[in-house]
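Novice:
Protein chains: 2
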Amino acid sequence: MTDSKGIAYKDGRYIPIEESFIHIMDPAFTKGDVVFDVVTVWDDNFFRLDDHLERFHSSCDYVRLSPPCTDGEIRHVLAQCVDRAGFSRAMVWMLCTRGPFSGGTAFGDPRFCENQFMAYSVPYFWIVPKERSETGAHIWIAETRRAPDVAINQRAKNYNRMDLTAAQFEALDAGADNPVLISTAGFITEGPGNNVWIIKNRTAFTPGEN
Amino acid sequence: MTDSKGIAYKDGRYIPIEESFIHIMDPAFTKGDVVFDVVTVWDDNFFRLDDHLERFHSSCDYVRLSPPCTDGEIRHVLAQCVDRAGFSRAMVWMLCTRGPFSGGTAFGDPRFCENQFMAYSVPYFWIVPKERSETGAHIWIAETRRAPDVAINQRAKNYNRMDLTAAQFEALDAGADNPVLISTAGFITEGPGNNVWIIKNRTAFTPGEN
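In order, the protein sequence lines correspond to chains E and W. Mapping of the first sequence onto this note's numbering: position 2 corresponds to residue 11, and the numbering continues sequentially without gaps. Mapping of the second sequence onto this note's numbering: position 197 corresponds to residue 206, and the numbering continues sequentially without gaps.
Next comes the structure, spelled out in structure tokens:
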């Protein structure tokens, strides 16, 4: 057991998550110039960490970000974020941000930023309350569409989620638990924090794109 | 003259911009749940502040944000951010963010967040270098499209700008100064930090949407 709310790793230091901030002019905030991945820890073990690392690197590649560390270092940092918090079950985020523009200006050449890596752990939580996930949750097909890959490459897991939030408002207004968004091409995509699977004749199907 | 890099107003306090941060789990960062506007100061005067305030409120309305302050308070804060920095010419940002989810979790009900207002000033700067703006800058029509309103309402000026950054990479790779993005419907929209105007028969035209 632990009272920790989480541990963050930023600028080479481990700090309580309550004290973890990014600068208000960092392009990760002002331009959403950031990719991430989340890996879970269940009973002291990471779940499919290799796969998450692989997807994280794909995300980085899609938007020309390059974490300034090796996979070995990332693994070490993620484990430290969990260990130092004393968590047995946790969610662990890894992020790569563009890094500040030279001179601290709000605009600049993104090719010359020094990309940054950060990570943080928080206690494990359920996106839809656990009881609801057992009895069945209500989803809502939103009017708001998921931003298309031709604008924002959704293969790169990123923090540009205004479409997901607008859809969430629609779902909550309708008394549902969570929304599902349709692509601009008219196909099912995903919701905020959830994927969509359809089981048909004992086979599970999920969207192949977006 | 002043050595200040800028002054920020956040959580009711004025602080040097170098010391101004937001929490790494704030939905303004993790979900891009934020709108903004920028007003310029030239020779000690705000330029069209009324219009910027009006647009700021429109942006807030589009995504159901409500700044916890009056227009009089916003005007006062913006002026303080400039005065305290000693700027004669400046860019001044005003932001409204959703505010943290209760319990500090990464997911939650956005309807019950306490919306936050913040602002900051920085010295005036040119997006395209001044010399280039006089001799003519090279723009690049990007392959990356601007996210459509049906996904992210671009009437709400916001920080979900991954499409703009991808387009900027394309322009810089091609040796151009800045990109212009086409909408998913095939019309000219804007670039990162610039609008597009076409002058034809002594009349100026600019896109009416997106």
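Each residue gets a CB set at the ideal place from its N, CA and C atoms; glycine is no exception. Small disclaimer: the values here were computed from a predicted structure and weren't measured.
Kindly give me the distance between the Cβ atoms of G15/W and V159/W, rounded to whole angstroms, as I take these residues to be in contact under 8 Å.
Specialist: Between G15/W and V159/W, the beta carbon gap of about 36 Å keeps them out of contact (Cβ cut-off 8 Å).
Novice: CA-CA distance, R57/W and R64/E?
Specialist: Using only the alpha carbons, I get a separation of about 46 Å.
Novice: I want to verify the contact list: residues of chain E whose CB lies under 9 Å from the CB of I33/W, in sequence order.
Specialist: A17, K19, I26, S29, F30, I31, W102, L104, M127 and Y129
Novice: Using a Cβ cut-off of 9 Å, pull out every chain W residue sitting near G202/E, in sequence order please.
Specialist: A115 and F116
Novice: Is the Cβ-Cβ distance between T198/W and R170/W less than 8 Å?
Specialist: no
Novice: Can you find a CB in chain E that lies within less than 8 Å of the CB of Y133/W?
Specialist: no
Novice: Would you kindly work out how many angstroms separate the C-alpha atoms of G41/E and F116/W, rounded to a whole number?
Specialist: 18 Å
Novice: So is S192/E buried or exposed if we call it buried at 16+ other beta carbons inside 10 Å?
Specialist: buried
Novice: Spell out the partners DSSP gives F222/W in its beta bridges.
Specialist: In the structure as shown, chain W begins at 10 and stops at 219. Residue 222/W is therefore absent and cannot be evaluated.
Novice: State the Cα-Cα distance for the pair P109/W and F126/W, rounded to the nearest angstrom.
Specialist: 13 Å
Novice: If I measure Cβ to Cβ from W102/E and keep anything under 7 Å in the same chain, skipping five residues before and after, which residues do I get?
Specialist: F45, V47, A128 and Y129
Novice: Quick check: is the beta carbon of P157/E nearer than 8 Å to any beta carbon in chain W?
Specialist: yes
Novice: Ignoring anything shorter than 3 residues or poking outside the segment 137 to 169 of chain E, list the beta strand (DSSP E) runs there in chain order.
Specialist: 148 to 155
Novice: Check whether chain W comes within 8 Å of I83/E, counting only Cβ atoms and requiring the distance to be less than that.
Specialist: Using a Cβ-Cβ cut-off of 8 Å, I83/E does not count as an interface residue toward chain W, since no Cβ of chain W sits closer than that to its own.
Novice: Quick test of your reading: V137/W and D186/W, contact by CB under 8 Å. State the CB separation rounded to the nearest angstrom.
Specialist: 5 Å
Novice: Counting contacts by CB-CB distance shorter than 8 Å, is Y168/W in contact with chain E?
Specialist: yes
Novice: To the nearest angstrom, report how far apart N124/W and R141/E are at their CA atoms.
Specialist: Roughly 28 Å between the two C-alpha positions.
Novice: If distances are taken between C-alpha atoms only, which option among N167/E, W149/E and F178/E comes closest to P188/E?
Specialist: Taking only the C-alpha atoms, the option nearest P188/E is W149/E.
Novice: Excluding sequence positions up to five away, which residues of its chain have a Cβ less than 8 Å from the Cβ of F214/E?
Specialist: The residues are W206, I207 and I208.
Novice: Give the secondary structure of T106/W by DSSP, where H, G and I count as helix, E and B as strand, and everything else as coil.
Specialist: strand
Novice: Under DSSP, the beta strand (DSSP E) around T212/E begins and ends at which residues?
Specialist: T212 to F214
Novice: Can you say whether D70/E is buried or exposed, counting buried as having 16 or more other CB atoms within 10 angstroms of its CB?
Specialist: Under this definition D70/E is an exposed residue.
Novice: Using a beta-carbon distance below 8 Å, is L173/E in contact with chain W?
Specialist: With a threshold of 8 Å between beta carbons, L173/E makes contact with chain W.
Novice: With a threshold of 7 Å on Cβ separation, who are the neighbours of T39/E within its own chain once the five nearest residues in sequence on each side are excluded?
Specialist: Apart from sequence neighbours up to five positions away, the residues of its chain that approach T39/E with a beta-carbon distance below 7 Å are A115, ordered along the chain.
Novice: Whole-angstrom Cβ separation of S29/E and A17/E, contact assumed at under 8 Å?
Specialist: 4 Å
Novice: With distances taken between CB atoms, is the gap from A175/E to V72/W smaller than 8 Å?
Specialist: yes
Novice: Since G200/W sits in a beta bridge, which residues does DSSP pair it with?
Specialist: Beta-bridge analysis with DSSP links G200/W to N203/W.
Novice: So, with DSSP's three-state summary, where would you put Y23/E?
Specialist: strand
Novice: From the DSSP output, in three-state form, read off I208/W for me.
Specialist: strand
Novice: Does the distance from the CB of L190/E to the CB of T153/E come in under 8 Å?
Specialist: yes
Novice: Among R120/W, F96/W, C105/W and H61/W, which one has its Cα closest to the Cα of Y133/W?
Specialist: F96/W
Novice: Please specify which runs of the beta strand (DSSP E), each continuous and at least 3 residues long, are wholly inside the segment 59 to 122 of chain E, giving them in chain order.
Specialist: 99 to 106
Novice: Mind checking if D52/E is an interface residue toward chain W, Cβ cutoff 8 Å exclusive?
Specialist: no
Novice: In terms of residue numbering, what span does the alpha helix (DSSP H) encompassing F126/E cover?
Specialist: Looking at the DSSP string, F126/E is not in any alpha helix (DSSP H); the run it does join, the beta strand (DSSP E), is Q125 to P132.
Novice: Taking the CB atoms as reference points, tell me whether D35/W and T106/W lie closer together than 8 Å.
Specialist: yes
Novice: Spatial neighbours of K203/W within its chain, please: CB distance less than 7 Å, with the 5 preceding and 5 following residues excluded, ordered by chain position.
Specialist: Strictly speaking, residue 203/W in this sequence is Asn, with Lys absent from that position. Only I136 and N187 meet the Cβ criterion.
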